[in-house]
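Working notes for the structure below.
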Amino acid sequence: MKKTVCSILAMALALLILLPGCNTTGGKESPVSSDTLRWFNATYAVLTTKNGGDLNLIGGVEANALSKVQVIDLLEQSWDVVDRASADETLQWLLEEGHNAQLLANFREFEMDDLTRDDLLKYCLMGFPRRTPPSSW
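Read in this note's numbering, the sequence shown has 131 at position 128, and its numbers run on one by one without any break.
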């Protein structure tokens, strides 16, 4: 569990390294003020809070030399990311297979891969019965 928590945080913080042009404050940390940044931070707010991070900072920590070293180490230890090429490869794996591989295989097995988002939500609310949802959806 701890490795998963660190891995998620590492991927979130990796965005800070990979997207340096997004900082418009001249290198100074500023509170999260835009709706986009609030949404971004909300996607990992539970993890940030659990790790004692600050919800007003992207990634939950101040961007400084120490946090940069920690992120680089986490990316290497948790995801084998050591450069842009390995980061791209890992992100591609997450998008195409990754942690969703088993879920996607189950969707195909139960012929659910063509359902809409709304249909999947209805199916989830039914308690995941062991049959394909009615075609009348």
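Glycine residues also receive a C-beta, built at the ideal position from the N, C-alpha and C atoms.
- In the DSSP assignment, residue 75 falls within the unbroken alpha helix (DSSP H) covering 68–82.
- The three-state reading of DSSP puts residue 59 in coil, since its state is none of H, G, I, E or B.
- Our two residues, residue 103 and residue 97, have alpha carbons roughly 8 Å apart in a direct line.
- If the five residues before and after residue 79 are omitted, its C-beta is found closer than 6 Å to the C-beta atoms of 85, all from its own chain and listed in chain order.
- Fully contained in the region 80–120 are the following alpha helix (DSSP H) runs of length 4 or more, in chain order: 87–99, 104–112.
- Ranked by how close their Cα comes to the Cα of residue 39, the residues 61, 57, 72 have 61 in first place.
- In this chain, residue 64 is not harboured by any alpha helix (DSSP H), its DSSP state being neither H nor E.
- If you look at residue 44, you'll find it in the alpha helix (DSSP H) that goes 38–45.
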